[in-house]
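Below: one structure, written as structure tokens.
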Amino acid sequence: MNKMNIVPLKLKMKEFYALSIFLKNRFKSKIKHFLLHNKSNNTYRVDRKEIINFLEELRINKGTEEINFIGSGRSALNAIDNLNNDNLVIGGNFTCLLPIYHHLYFTEWCGEKHKKIIPKIKEIYLTRSKYIGLLIMKNLTCKYNNLPFDSNYSVSNKYLYEASMPIVTERQLESFIKKSTNKKNKFICQSTSSTITAIFLAYLSGFKKINLYGVDFGGGYFWDLEEFKNSSKDIMPMPDNPIRGYKYGSVNLYPKPSSTFEHATESANVPVSRIIELLKEKFKKDGFIIENLSNL
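With our numbering applied, the sequence shown covers 331 to 626.
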């Protein structure tokens, strides 16, 4: 067997692996949501149709064709001067440290495994509640999140019904797009980062454009900038403990800044920066624009 035949086989094996992980996550998602919502009196599953309807209603009521996503990169500070209450915003985790109202807000940690960090996250979200709209936990099926039957181990009672698919080759991205845009799905197909989830939610909700802030892929976080720390706006400093250096599985959560910092999603088989470029080309044909303002 020559080398030309081996390469496609390797690609096919990778893509088969991605599909098997996706099917496993679909099953795990069904089981986890079933157990949580049948054994807890105060939790709610947010299906694909419901979250899309929520964003569609915002789009119609605001009379806008654009929505914005804010990540945790350094360029997120650009959003402070560019966005106001008339702009629709998706964010999550700790972007509420910025003085910007988020209409849709995602968080990622739940369960007793995270009992060290959850009280501090709750404190931050309570302090910044005027900047947080619909708060949803989006990674229930992550292997590092166990079921929060006790409300003390969750920061929201709303859980996104999702199934994750790793994107391991550029060709396999087509399969991910098909799963993500399939109207029959009751779940949201997600991968790699919240940025990808936000892009597909915007597309599925009828927006014509999504602007990305703080999607820098490297260079540290906005809350480490002196410009942020010394801002006269209504900002909240990032508390060091227990968040900085906290282990989320094998990942060191929000490490101290360094010149060599690279987001974990950039070291994946297909870096998130490349995924965004491919989606940008793909969706442009459908009249949907992805504008990464972090690069301007």
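Even for Gly, the Cβ is constructed at its ideal location relative to N, Cα and C. As the structure is a computational prediction, the values presented were derived from the model and not from experiment.
- Using the beta-carbon count (16 or more within 10 Å), is Val-376 buried or exposed? Working through the sequence shown from its first residue, we reach residue 376 at position 46. In this structure Val-376 is buried. Its beta-carbon is surrounded by 16 or more other beta-carbon atoms within 10 angstroms.
- Message: Tell me the DSSP secondary structure of Arg-604 in three-state form.
- Response: As a working note, residue 604 is residue 274 in the sequence shown. Three-state DSSP puts Arg-604 in a helix.
- Is the CB-CB distance between Phe-547 and Val-602 below 8 angstroms? Mapped onto the sequence shown, residue 547 falls at position 217. Mapped onto the sequence shown, residue 602 falls at position 272. For Phe-547 and Val-602, yes; Cβs fall inside 8 angstroms.
- Taking Cβ positions, are Ile-605 and Leu-470 nearer each other than 8 angstroms? Here residue 605 is taken as the residue at index 275 of the sequence shown, counted from 1. Here residue 470 is taken as the residue at index 140 of the sequence shown, counted from 1. Contact flag unset, no.
- With DSSP as the reference, label Asn-622 as helix, strand or coil. Along the sequence shown, read from residue 1 onward, the residue named residue 622 stands at position 292. In the structure shown, Asn-622 sits in a strand (DSSP, three-state: E or B).
- Message: Under DSSP, the beta strand (DSSP E) around Tyr-543 begins and ends at which residues?
- Response: As a first step, residue 543 must be located in the sequence shown, where it is residue number 213. Tyr-543 -> beta strand (DSSP E) spans 539-543.
- Task: Mind listing, in chain order, the continuous alpha helix (DSSP H) runs of no fewer than 4 residues lying wholly within the segment 390-433?
- Result: 408-412
- Would you identify the three-state DSSP class for Thr-522, choosing helix, strand or coil? For the purposes of this step, residue 522 is taken as the residue at position 192 of the sequence shown. Note: Thr-522 maps to coil in three-state DSSP.
- Message: Let me check one thing: in DSSP terms, what residues is Ser-494 bridge-paired to?
- Response: Walking along the sequence shown from the start, residue 494 turns up at place 164. Paired residue(s): Gln-520.
- Task: Starting from the C-beta of Ser-521, find all residues in its chain whose C-beta is less than 7 angstroms away, skip the five residues before and the five after it, and write them out in chain order.
- Result: As a working mapping, residue 521 is identified with position 191 in the sequence shown. Same-chain partners within the cutoff: Ser-494, Met-495, Pro-496, Ile-497, Phe-506.
- Item | Chain-order list of residues whose beta-carbon lies under 6 angstroms from that of Cys-426 (same chain, five-residue window excluded) | What you label residue 426 is simply residue 96 of the sequence shown in a count that begins at 1. Contacts found: Arg-458, Tyr-461, Ile-462.
- Note down the Cα distance separating Met-331 from Pro-338, rounded to an integer number of angstroms. Here residue 331 refers to the residue found at position 1 of the sequence shown. Here residue 338 refers to the residue found at position 8 of the sequence shown. With a pLDDT of 44 at Met-331, under the threshold of 50, the modelled position of this residue cannot be trusted; read the value that follows with caution. Distance between the alpha carbons of Met-331 and Pro-338: 12 angstroms.
- Would DSSP call Phe-436 helix, strand or coil? By 1-based counting over the sequence shown, the position of residue 436 is 106. The answer is strand: DSSP assigns Phe-436 an E or B state.
- Chain-order list of residues whose beta-carbon lies under 6 angstroms from that of Trp-553 (same chain, five-residue window excluded): Within the sequence shown, numbered from 1, the residue matching residue 553 stands at position 223. The residues are Leu-427, Met-568.
- Just tell me which of Leu-456, Tyr-584, Ser-510, Glu-611 has its CA closest to the CA of Ser-486. The residue you call residue 486 lines up with position 156 of the sequence shown. The shortest Cα separation from Ser-486 among Leu-456, Tyr-584, Ser-510, Glu-611 belongs to Leu-456.
- Who does Ile-462 pair with in a DSSP beta bridge? Within the sequence shown, residue 462 is the residue found at index 132, counting from 1. In DSSP, Ile-462 forms a bridge with His-432.
- For Glu-492, the nearest candidate out of Ser-370, Leu-353, Leu-608 (CA to CA): The residue you call residue 492 lines up with position 162 of the sequence shown. The candidate whose alpha carbon is nearest that of Glu-492 is Leu-353.
- Query: Taking the continuous alpha helix (DSSP H) assigned at Tyr-455, which residues delimit it?
  - Reply: Your numbering for residue 455 matches position 125 in the sequence shown. Looking at the DSSP string, the run of the alpha helix (DSSP H) that includes Tyr-455 is 448-457.
- Task: Mind checking who Met-467 pairs with in its DSSP beta bridge?
- Result: Sequence index remark: in the sequence shown, residue 467 carries index 137 (1-based). Note: Met-467 sits in a beta bridge opposite Thr-437, Tyr-489.
- Helix, strand or coil at Ala-348 according to DSSP, with G and I counted as helix: The sequence position of residue 348 within the sequence shown is 18, counting from 1. Ala-348 falls in the helix class under three-state DSSP.
- What residue does the beta strand (DSSP E) around Lys-577 start on, and which one ends it? Position 247 of the sequence shown, counting from 1, holds the residue named residue 577. Taken as a continuous stretch (DSSP letters only), the beta strand (DSSP E) holding Lys-577 covers 576-578.
- On the three-state DSSP scale, how would you describe Leu-583? Taking the first residue of the sequence shown as position 1, residue 583 is located at position 253. Looking at Leu-583 - three-state DSSP - the assignment turns out to be strand.
- Item | Secondary structure of Tyr-374, DSSP reduced to three states | Sequence index remark: in the sequence shown, residue 374 carries index 44 (1-based). Reduced to three states, the DSSP call for Tyr-374 is strand.
- Query: In whole angstroms, what is the alpha-carbon distance linking Lys-344 and Ile-351?
  - Reply: Mapped onto the sequence shown, residue 344 falls at position 14. Mapped onto the sequence shown, residue 351 falls at position 21. Approximately 11 angstroms between the Cα atoms of the pair.
- Item | Residue environment, His-432, which counts as buried when at least 16 other CB atoms sit within 10 Å | As a first step, residue 432 is located in the sequence shown; it is residue number 102 there, counting from the start. Counting Cβ neighbours within 10 Å, His-432 comes out buried, since at least 16 surround it.
- Item | For His-363 and Ser-405, the rounded distance between their alpha carbons | By one-based count along the sequence shown, residue 405 stands at place 75. By one-based count along the sequence shown, residue 363 stands at place 33. Rounded to whole angstroms, Ser-405 to His-363 spans 36 angstroms at the Cα level.
- Task: Could you tell me the boundaries of the alpha helix (DSSP H) in which Phe-506 lies?
- Result: Start at 1 with the first residue of the sequence shown, and residue 506 comes out as number 176. From DSSP, the alpha helix (DSSP H) with Phe-506 extends over 503-511.
- Residue environment, Arg-389, which counts as buried when at least 16 other CB atoms sit within 10 Å: Position 59 of the sequence shown holds residue 389. Buried.
- Task: Please classify Pro-478: is it buried, with 16 or more other beta-carbons within 10 angstroms of its beta-carbon, or exposed?
- Result: As a first step, residue 478 is located in the sequence shown; it is residue number 148 there, counting from the start. Buried, because 16 or more other Cβ atoms sit within 10 Å of the Cβ of Pro-478.
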